[in-house]
Amino acid sequence: DTEVTQTPKHLVMGMTNKKSLKCEQHMGHRAMYWYKQKAKKPPELMFVYSYEKLSINESVPSRFSPECPNSSLLNLHLHALQPEDSALYLCASSRLGATGLDTEAFFGQGTRLTVV
Amino acid sequence: AQSVTQLDSHVSVSEGTPVLLRCNYSSSYSPSLFWYVQHPNKGLQLLLKYTSAATLVKGINGFEAEFKKSETSFHLTKPSAHMSDAAEYFCVVRATGRRALTFGSGTRLQVQP
């Protein structure tokens, strides 16, 4: 199984809503990532988890709250978002190599988020 | 600091003709380099990777790339384009010791019938 599964595929939420994006992988990868991709732009890194601990936060606003409950799951909790947060949110995972460094990343299909 | 520059934002080829997507990188140390493809409204799929083994790397769907340290390039090629190759292609670098991937701005490949 070389898949990273993201749910939901599409999400429309109001600015006062609370919602969560979910990501799951069963490849035994110990590094997991959230990326944000705006239309016609490359993905931008938001968060990195390694061994279920947050290791990188790219100065993401607190209305985005990541959570890694176990080695297979990664969540992104959303609250009080703005319309400009509308984007494709991509989850990825990678194996941590022998030196502790990441190998190639495997991406999910993404969640298309629209904030109204 | 590492960075990657994709020299063409848009490339158009005819079906059956060769594909060349150009990528130059900048990295302080020996980097790992990747090419990913993204079809419309889809996630990213790894095409191939270079991690300091052979300089000519073969990937999926007939794509290959050559790492040229002297030119700091990692161009993606395919001998014969297929309609299904139409997509966005990203050149990606990870510098040694760095956790995060750095993406190029992307090249949109259009394949004409």
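If you read the protein sequences in the order shown, they are chains A and B. Residue numbers for the first sequence follow the working numbering, so the first one is 1 and each next one is one higher. Residue numbers for the second sequence follow the working numbering, so the first one is 1001 and each next one is one higher. Glycine included, each C-beta is placed from N, C-alpha and C at the ideal position.
Cutoff 8 Å: residue i Cβ touching any chain B Cβ
i	result
residue 14/A	no
residue 121/A	This structure gives no information on residue 121/A, because the portion of chain A shown stretches from 1 to 116.
residue 105/A	yes
residue 48/A	yes
residue 109/A	yes
Residue(s) in a DSSP beta bridge with residue i
i	result
residue 51/A	In DSSP, residue 51/A forms no bridge with anything.
residue 94/A	31/A
residue 1066/B	1056/B and 1075/B
residue 111/A	89/A
residue 1032/B	1094/B
residue 11/A	113/A
residue 1045/B	1037/B
residue 1136/B	For residue 1136/B there is no data in the structure shown, the boundaries of chain B being 1001 and 1113.
residue 1087/B	1109/B
residue 62/A	Note: residue 62/A sits in no beta bridge, so no partner.
residue 25/A	4/A
residue 82/A	Residue 82/A is not bridged to any residue.
residue 1023/B	1006/B
Interface partners of residue i on chain A, CB under 9 Å
i	result
residue 1090/B	42 and 43
residue 1106/B	40, 41 and 42
residue 1100/B	33, 45, 48, 56, 58 and 102
Alpha-carbon to alpha-carbon, residue j and residue i
i	j	result
residue 71/A	residue 1041/B	27 Å
residue 112/A	residue 82/A	15 Å
residue 1090/B	residue 1031/B	16 Å
residue 90/A	residue 109/A	7 Å
residue 27/A	residue 3/A	8 Å
residue 1100/B	residue 69/A	21 Å
residue 73/A	residue 104/A	18 Å
residue 59/A	residue 1051/B	29 Å
residue 50/A	residue 1043/B	21 Å
residue 46/A	residue 35/A	5 Å
residue 41/A	residue 1106/B	7 Å
residue 116/A	residue 23/A	23 Å
residue 43/A	residue 1020/B	22 Å
residue 1036/B	residue 76/A	24 Å
residue 66/A	residue 1017/B	45 Å
residue 1005/B	residue 1093/B	10 Å
residue 1058/B	residue 15/A	46 Å
residue 85/A	residue 114/A	8 Å
Within chain B, the residues that residue i reaches when beta carbons sit closer than 8 Å
i	result
residue 90/A	1043 and 1044
Neighbour flag for residue i against chain A, beta carbons, 8 Å
i	result
residue 1063/B	no
residue 1074/B	no
residue 1103/B	yes
**Q.** Cβ-based contacts, 9 Å cut-off: residues of the stretch 1035-1050 of chain B near chain A
**A.** 1036, 1038, 1041, 1042, 1043, 1044, 1045, 1046 and 1049
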